[in-house]
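Just so you know, we're using the numbering used here here: the sequence shown kicks off at 7 and counts up by one.
Read through the structure below, which is laid out as structure tokens, and then see the notes.
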Amino acid sequence: MIPVPDYEFYTEVYGGTATEAAFGELLPAAASAVGWLIGFNEPQERHEVPCKRAVCAALDSYATTGTGNVGSMTIGSFSVSTGVRADSRTPDRAARDAA
7 MIPVPDYEFY
17 TEVYGGTATE
27 AAFGELLPAA
37 ASAVGWLIGF
47 NEPQERHEVP
57 CKRAVCAALD
67 SYATTGTGNV
77 GSMTIGSFSV
87 STGVRADSRT
97 PDRAARDAA
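Structure representation (structure tokens):
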């Protein structure tokens, strides 16, 4: 199981700035991104802090980019739609890169 940070670790040790509500909402996705990187390897005790930091980095990435592909957006009367390619840099990939 991946060691995950609590909000105190995230703000005081890592220096994260997401709100506590955003932290709680994004933590599962961030832990999943780090779990994807670790695969079936079981982290040892000495890896606890680096794993928590990786989850924090992934969480910050999700806080910036969101957790899904953006295919369109609207601001006021301006609207734009784009094609999202399967090989484009998705928020999941950005989170894994950050971790």
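Note that CB positions come from ideal geometry on N, CA and C, so glycine has one too.
It should be emphasised that the depicted structure is a prediction, and the values quoted were computed from it without experimental measurement.
How should residue i be labelled, buried or exposed, when 16 other C-beta atoms within 10 angstroms of its C-beta is the threshold for buried?
i	result
residue 46	exposed
residue 29	buried
residue 82	exposed
residue 5	Residue 5 is absent from the structure shown; the chain starts at 7 and stops at 105.
Let me make sure I understand the geometry here. Which of the options has the alpha-carbon closest to that of residue i?
i	options	result
residue 4	50, 69, 49 and 14	With the chain covering 7 to 105 only, the question about residue 4 has no answer from this structure.
residue 43	51, 82 and 56	56
residue 50	71, 7 and 102	7
residue 24	9, 71, 103 and 99	71
residue 73	15, 16 and 102	102
So that I know if they touch, is there some Cβ in chain B lying closer than 9 Å to that of residue i?
i	result
residue 84	No chain B appears in this structure, which consists of one protein chain only.
Express the C-alpha separation of residue j and residue i in angstroms, rounding to a whole number.
i	j	result
residue 52	residue 84	51 Å
residue 22	residue 16	5 Å
residue 12	residue 32	12 Å
residue 58	residue 48	14 Å
Return yes when the Cβ of residue j is within less than 9 Å of the Cβ of residue i, no when it is not.
i	j	result
residue 64	residue 27	no
residue 61	residue 19	no
residue 104	residue 66	yes
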